[in-house]
Every structure is written in structure tokens, then in C-alpha cells.
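Here the sequence shown stands for residues 0 to 381, numbered as in numbering that gives the first Met the number 0. Data first, discussion second: the structure below is written as C-alpha cells.
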Amino acid sequence: MRNTPISLVYGLFFLGTACACSHSPQSEEAPPVLVEIHDYNYSLDFSSFLNLHKIIGLSAPKQEAFVKDIERLLFADNRIFVMDRSGNKVVMFDGEGNFLKSTANMVGRGHSEYLRVIDASLDEKDKKLYVHCDAPYQMMVFDFDLNLKEIIHMDYYMGEMVVEGNLIYGICYNAPPAKGFCLVSTAKSRPDTEPDTLLTFQNIVPGRWTFGKSLLSRHDGTYVCFPFDTHIYQFRKGEITETYNMDFGDHGLLAHPLPENITPKMFDRYNNGLHWSIVNMSSSDSLLLFNTNSFELFIMDKEKRLCEGYKEAYNDLSRIHCGRIIPTQGLPEGIVFQCNAHSIEETLQAWTKKNDMPLVLKEISRNFNPEGNPLIMIWTIK
0 MRNTPISLVY GLFFLGTACA CSHSPQSEEA PPVLVEIHDY NYSLDFSSFL
50 NLHKIIGLSA PKQEAFVKDI ERLLFADNRI FVMDRSGNKV VMFDGEGNFL
100 KSTANMVGRG HSEYLRVIDA SLDEKDKKLY VHCDAPYQMM VFDFDLNLKE
150 IIHMDYYMGE MVVEGNLIYG ICYNAPPAKG FCLVSTAKSR PDTEPDTLLT
200 FQNIVPGRWT FGKSLLSRHD GTYVCFPFDT HIYQFRKGEI TETYNMDFGD
250 HGLLAHPLPE NITPKMFDRY NNGLHWSIVN MSSSDSLLLF NTNSFELFIM
300 DKEKRLCEGY KEAYNDLSRI HCGRIIPTQG LPEGIVFQCN AHSIEETLQA
350 WTKKNDMPLV LKEISRNFNP EGNPLIMIWT IK
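Printed below as a string of C-alpha cells:
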């Protein structure tokens, strides 16, 4: 692949076909962002950094509407697109959660079909949905009514991809014998051409997978952080605009750098409890929220370059326990958390017995179907 003038070296960790990512000289190191992790004796209230914006129940009137797992939520033009890689489809709902359409009937080996859907992203400028597929490698381009407009065949695979402006960013394998991964970019109209290499990284632990997305498109740019790297990069128009070098102290990789060629067995033995994967970045103008391979919620003040992690976050706004962040696009300063159906049921049952159910729980009860699709609660970051 062609190299851009960006002089940085870092990378990622995903399945895929190798791309000929070359390596750039390392730039001056970014100053560390100190991370303070609070233990269980310190609880963070949601109301201190969030406002509850909207509660949406996704309907499931037919089989193709059922969502197995939400990998990304994409919002545009009164549409909600659910990237469901486990279900091998993209499912479309209107802004109130009513099912409209899915790509389930496009699975196959024929013309205008795919075998495996990998990732999806919005082109908000031209009102298109880009869906990257495997076997064969291709980009399927839809309008916002999920009508297929174009198929662009490709000769490389991206484990994750997002659209920003006129560019597609993707994460690819480094070409053997190099290990690790690279971040690439290409014109959104020509993903069939050789992409530019923006970042590369090799010092990984093969066989150790992260949960969540390492590549996110937000209103203020594109964020990427590769597993086993400590840096969060912010991009605009193919250029790095900000770098955050996260220092988790004794629980991070800056204090415990990985030796070369470490085996998964050795890594598990000596590095239990390390934060080695930063995922699911969500931002406002002032804050950046993210998860790691652990279960804490991290909140960084971007201006002060200070970050705090919380093992306990109490949802005092809706009383429903919220888990990890769901990657989103099209929600300026918005964020969505996973909501466990069993937890919602237990909370509703407990408040029903009290005969004093708050209004927000009554709204959740009206939208929640324990046998249906996940409930979505959209929050805005203060």
C-alpha cells in the first residue's frame, strides 16, 4: 500500500487477508494521560455526566427483524441501522424503533448477494450506507431506505471500517512476515483501489481478542486505538489531529511493556488485570468515554487530559443497570450502553411491587419486550 507522510508506528489485531502495510518512522512521543481508577467504594452517578434523551424499543414483527447482537448502531434521517454481524445482516428501523427492512434475504452466492457481512458505516454527506462484506471482498452501497445502489469489488479485507467525509478508514492485516495490523484509508468512491497506510503496529499477542470496536466515527472525527497499544488517535481528513497516550499506571502497558514474541500463555500468566485494549470510544466536545478489556467505564476530560475509571457506575436516571458502550455513529455527543434484558425485568418487577414506579420506568415498561429485540436508551454526554 502507499504510505502517507504520517510518521507514526502503531497498530491492531484482527482477522483478515494480509495487506502490504509498510512501516513509518516513529514520531515524537505524545505525553501520557494519567488514568485514575476508582475502586468499588466509589460510585459514579450517571446524572453527573449524562442526560437521558430517548428510550426506543426495537420491534420484531418477523424473523428477519430479530437482532442477535448489536455491533454498531447507526443513526440518520429518522433511521436506525443495526449492524448485526452475529445475525449476518444489517437491520433497519425507523426513529421510533419500528422495523422497516433488513439485508437478511441478500445472503447467498448470486448477483447482489453476500456470504458474510463484516462492518457498516454511514456516509452522512451523501446519504449512503456502506457495508463491507467477506467472501467475496466487496463494498455494498445502499441508500438510507436500504436499497442497494452499487457493489464495488475489492481485493483486500478490513476487519473494521468507518466512513468520514470522502474517506473510508479500515483495519487490515500486516503482510507476512510482519505481525499485527495497520490502519488504511481510501476514497469512499474507490475502495477497489490500493489504500494508503496511515498507522502500523506489530507488537501484539496473537490469539488474544478484544471485545468491542477499535475504530469509531464520531461528530468530531475518527478515533482509533489498537489492542496492545496505549494510544488513542483522532483523525480528520486522513490526518492525525490529536493523540492521547493512556497511562493506566501499574495496570497498564506503559508500566508493563510487552516483550517481543510473547506467547498467549505467558501473557495470561503474568499480565492478568492489565488494561491492554481500548474500545468503544464515544465523545462530546469536552469528554471522551471508552471501555477496555476490563469492565470499567472510563471518562477523560480532553482539555485537561485527565482520565478516571469507575468500577461502579450507578444509573440514577432510569434505575436500569447499563453495561458496556455500544459503538454508535450519527449521534452528536450521544452514547448508548448495553442493557441486559434480565436486569430490566428484575428492576421492573421490583418497582411494580412497590406500587410507586417512576415515570421513566413506566416508559421503559411500555417499550420493553423480554422476548423481543434489545431496548435502546440514548443518552447525551454533558
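We put the beta carbon where it would ideally sit given N, CA and C, even for glycine.
For the options G322, E302 and V106, the alpha carbon positioned closest to that of E311 is the one of G322. Given a length threshold of 3 residues, each whole run of the beta strand (DSSP E) inside the stretch 98-125 is given here in chain order: 98-101 and 115-122. Boundaries for E345: no beta strand (DSSP E) harbours it, while the alpha helix (DSSP H) harbouring it runs A340 to K353, taken from the DSSP string. Using a Cβ distance threshold of 9 Å, I231 and F294 do not count as a contacting pair. Its chain contains R318 and W350 as the residues whose beta carbon lies nearer than 8 Å to that of P357, once the 5 sequence neighbours on both sides are disregarded; these appear in chain order. Taking a contact as a CB-CB distance under 8 Å, the pair S213 and V116 does not count as one, their CB atoms being some 18 Å apart.
Distance from the CA atom of T199 to the CA atom of P175, rounded to whole angstroms, is 13 Å. Rounded to the nearest whole angstrom, the CA to CA distance from Q233 to D284 is 13 Å. Per the Cβ contact rule, the stretch 121-139 is not in contact with the stretch 193-208 (fewer than 3 Cβ pairs under 8 Å). Comparing C-alpha distances from A59 to each of M376, I375, N368 and I377 shows the shortest one belongs to N368.
The Cβ atoms of G308 and V34 sit closer than 9 Å to each other. The distance from the Cβ of T229 to that of G251 is about 7 Å, consistent with a contact at the 8 Å cut-off. Per the DSSP secondary-structure output, F200 pairs in a beta bridge with F180. Each residue's CA atom was taken as its position, placing D315 and D44 some 6 Å apart. In the three-state reduction of the DSSP assignment, I363 falls in the helix class. It is roughly 12 Å from the alpha-carbon of R189 to the alpha-carbon of V140. Across the structure, G220 and D133 are spaced so that their CA atoms are roughly 26 Å apart. Across the structure, I170 and K353 are spaced so that their CA atoms are roughly 50 Å apart.
The criterion of a C-beta distance shorter than 9 Å is satisfied by L273 and F247. Bounds of any alpha helix (DSSP H) do not take in Y155, whose DSSP letter is neither H nor E. By the criterion of a C-beta distance shorter than 6 Å, G94 is surrounded in its chain by N77, once the five residues flanking it on both sides are discounted.
Here H152 is exposed. Its C-beta has fewer than 16 other C-beta atoms within 10 Å. Around the C-beta of K61, fewer than 16 other C-beta atoms lie within 10 Å, and the residue is accordingly described as exposed. V335 is positioned such that its CB atom lies no closer than 9 Å to that of I380. Of the other Cβ atoms in all chains shown, 16 or more fall within 10 Å of the Cβ of S184; this residue is therefore buried.
If you look at D315, you'll find it isn't in any alpha helix (DSSP H); DSSP assigns it neither H nor E.
Exclusion of the five residues before and after N87 leaves V106, R115 and V116 as the residues of its chain whose Cβ lies within less than 7 Å of its Cβ.
By the Cβ neighbour-count rule, Q328 is buried, with 16 or more other Cβ atoms within 10 Å of its own. Under the three-state reduction of DSSP, Y136 is assigned to coil, being neither helix nor strand. Taking all protein chains shown into account, N40 has fewer than 16 neighbouring C-beta atoms within 10 Å of its C-beta and is therefore exposed. Between the C-alpha atoms of G56 and H218 there is a straight-line separation of about 25 Å. Rounded to the nearest whole angstrom, the CA to CA distance from L360 to L347 is 7 Å.
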